[in-house]
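Numbering (our numbering), first residue to last: 170 to 395.
Every residue, glycine too, gets a C-beta built ideally from N, C-alpha and C.
Since the structure is predicted, the reported quantities are computational estimates derived from the model, not experimental observations.
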Amino acid sequence: MTNLQEKLFALQDPQYRDFQCKLMPTVPPETVIGVRTPALRKLAKELSGDGALGAFLTALPHRYYDENNLHGLILSGFKSYGETVAALDAFLPWVDNWATCDLMSPKAFKKRPPELPLKIQEWLLSGETYTVRFGMEALMSFYLDEGFSPEYPAWVAAVRSEEYYVNMMIAWYFATALAKRWDAVLPYLTERRLERWTHNKTIQKAVESFRITEEQKSFLRALRLK
């Protein structure tokens with residue numbers, strides 16, 4: 170066992186491990202150590218200046234789910250856009266679950282570098298479940314407020330997949346977009362531009378949102394497809 174794995178096992182919470190395993194059917198239980206996210210964030214900060222960190226980031230695939238989460242948190246802290254993208258391109262093909270995917274929120278993306286949208290589009294076209302999901306989440310996180318463009322929801326709507334975790338992300342994206350860009354994205358529902366399951370799931374998630382008005386919720390309910 171490596172020194173880093175020993176540190177992770179020292180932070181193990183068995184109850185949390187059992188809880189996490191129930192939420193992640195795609196992850197073998199024997200690969201879950203059970204380290205809570207705050208402890209992982211603290212460890213990621215401690216390791217940020219470690220000269221041996223590069224060896225960990227290039228040792229892919231990792232054995233443990235918690236190593237993947239630590240990896241995602243470390244690269245999320247990078248300040249350089251180029252370094253972040255290179256690290257993501259190396260890591261995303263090995264991501265095998267929604268939790269690791271959704272954990273990543275790169276600091277280098279917060280200022281919306283001009284190159285980022287085309288990179289996101291590349292991820293959306295990759296055909297890899299969690300790379301696609303990550304691209305959608307990046308559009309949702311960084312481009313629904315300032316920097317929004319009507320072409321971005323069109324990119325998400327164009328994705329066709331049989332993967333549950335991709336389609337759930339499409340619904341999550343559009344439900345969030347309805348709260349922030351109602352007029353711009355409502356036609357995706359009124360004109361039935363989404364697949365039936367995703368259409369109805371978007372409405373379900375939007376109706377559950379506190380950011381959608383009661384009047385809007387009533388309108389959305391009438392758009393459900395049978």
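Which same chain residues, not among the five before or five after TRP263, have their C-beta less than 6 Å away from its C-beta?
LEU229, PRO230
Using the beta-carbon count (16 or more within 10 Å), is PHE188 buried or exposed?
exposed
Can you look up ILE339 in the DSSP assignment and give me helix, strand or coil?
helix
THR382 in three-state terms, based on DSSP
coil
Check whether PHE311 and ARG281 have beta carbons under 7 Å apart
yes
Nearest candidate by alpha-carbon position, reference THR253, set ASN266, ASP235, TRP267, GLY223
GLY223
Residue span of the alpha helix (DSSP H) that contains GLY428, given as start and end
Outside the displayed span of the chain (170 to 395) sits residue 428, for which this structure offers no information.
Sort LEU308, VAL335, ARG329 by Cα distance to SER274 and report the nearest one.
LEU308
Simplified DSSP assignment, three categories, for GLN174:
helix
Got a sec, what are the start and stop residues for the alpha helix (DSSP H) TYR299 sits in?
298-311
Closest by C-alpha distance to GLY316, when choosing among LEU394, GLU297, LYS349
LYS349
How many angstroms separate the CA atom of ILE243 from the CA atom of LEU347?
32 Å
For ARG305, the nearest candidate out of ARG232, ALA277, ASP271, PRO283 (CA to CA)
Here residue 305 turns out to be Met, not Arg, going by the sequence shown. Comparing Cα positions, the closest option is ASP271.
Whose C-beta lies closer than 8 Å to the C-beta of VAL325 among residues of the same chain, with five residues either side of it excluded?
LEU293, MET305, LEU308, ILE339, TYR342, PHE343
What's the gap between the Cα of LYS191 and the Cα of SER378?
25 Å
Can you look up THR206 in the DSSP assignment and give me helix, strand or coil?
helix
Taking PHE178 as the reference, give the member of VAL196, ALA208, MET193 with the closest Cα.
ALA208
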